[in-house]
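In this note's numbering, the protein residues as written are 2 to 284. The beta-carbon is built from N, C-alpha and C at its ideal position, and this holds for glycine as well. A short worksheet on the structure shown next.
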Ligand SMILES: [Zn+2]
């Protein structure tokens, strides 16, 4: 299955930090008393998800790969917090929504394109373009969370920002007080996949504008913590790309899931533009 081959992109997973616990499949890294990285180092995409807890409730930012049928993310999450957990997806790609149907509380960001698709039974049917597989996925939505304003999770405030470009519905989450930003697939340590370049650039600008250089940045693939400088380098590389200010030496033709694609390497940032049709062409 194509999911497995995605690993050939070579996400480099080096989990570092203190307060780590390894369950065999999941690697848990505690960032502070209420923030955890839950990684799956052996998953095909080297995924990480983030449990962000307040005194009242917690947000789980993505539900992981779902690739290991024997170790469940549910009991990992249960072991880390006693407050109710709401799953909020960074976006709908298959490698971020593992075991999604097992969650009681699923939120979507208040984006018009999503809100108008929710049925009167609170169901949101995801398209194959959104999931990037032929699997049919239906989310039962229990909450719609505001975008661009603080959400109080109990002595802690989180803010969702819409950061499209990797996919249309992509979001990031900012915790301004603690100085964290969780960027999903907008920025991480590894090869970036971009569908809409101008949206991607606007999203990077938006994240940089709403954060400071001392923020910790967490991406969903590879080594979870991203240097703030890497975020800035990505922003700068994309600006050069959009202006055509790069040499042809920085471009390679690659076979990407059976489609010929151009792989760009600008300022040590590697990316492919227009990747998703390669998945869809396989159906
Ligand atoms: Zn993705």
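Using a Cβ-Cβ distance cut-off of 8 Å, the region 58-74 and the region 96-107 are in contact, since at least three pairs of beta carbons, one from each stretch, lie closer than that value. Straight-line measurement puts the Cα of residue 240 at about 44 Å from the Cα of residue 71.
Within the region 161-226, complete beta strand (DSSP E) segments of at least 3 residues are found at 172-176, 181-185, 193-195 and 217-220, given in chain order. Out of 231, 54, 45 and 137, the CA that lies nearest to the CA of residue 153 is found in 54.
It is roughly 12 Å from the alpha-carbon of residue 75 to the alpha-carbon of residue 87. Leaving aside the five residues that flank residue 169 on each side, none in its chain has a CB nearer than 6 Å to its CB. The shortest C-alpha to C-alpha distance from residue 51 to any of 29, 121 and 158 is the one to 29. The straight-line gap separating the alpha-carbon atoms of residue 179 and residue 220 is approximately 17 Å. Counting the other CB atoms within 10 Å of its CB gives residue 149 a total below 16, which places it among the exposed residues. In the three-state scheme derived from DSSP, where H, G and I count as helix and E and B as strand, residue 237 is classed as helix. The alpha-carbon separation between residue 237 and residue 117 amounts to approximately 35 Å. By a beta-carbon distance limit of 8 Å, residue 264 does not contact residue 246. Their separation comes to about 18 Å.
Per the CB criterion, closer than 5 Å to any heavy atom of ligand 1, the qualifying residues run in chain order as 94 and 186. Ranked by how close their Cα comes to the Cα of residue 56, the residues 155, 230 and 281 have 155 in first place.
Residue 265 has 252 and 272 as its beta-bridge partners, per DSSP. Taking C-beta separations shorter than 6 Å and ignoring five residues to either side along the sequence, the partners of residue 222 in its chain run 12, 46, 47, 189 and 191, following chain order. One alpha carbon belongs to residue 124, the other to residue 144, and they sit about 11 Å apart. The Cβ-Cβ distance between residue 277 and residue 112 does not fall below 8 Å. For residue 126, the enclosing beta strand (DSSP E) has its first and last residue at 124-127. Collapsing the DSSP output to three states places residue 119 in coil. Judged by DSSP secondary structure, residue 33 falls outside any alpha helix (DSSP H) and instead within the beta strand (DSSP E) spanning 28-33. When only Cα atoms are considered, residue 44 and residue 58 end up about 28 Å apart. In the three-state reduction of the DSSP assignment, residue 77 falls in the helix class, which pools H, G and I. Taking a contact as a CB-CB distance under 8 Å, the pair residue 175 and residue 273 does not count as one, their CB atoms being some 27 Å apart. Closest in alpha carbon position to residue 32, among 185, 171 and 21, is 21.
Between residue 233 and residue 130, the C-beta gap is not smaller than 8 Å, which leaves the two residues out of contact. Residue 277: not part of any beta strand (DSSP E); member of the alpha helix (DSSP H) spanning 277-281, first to last residue. Contact between residue 167 and residue 231 fails: their C-beta atoms lie close to 16 Å from each other, not under 8 Å.
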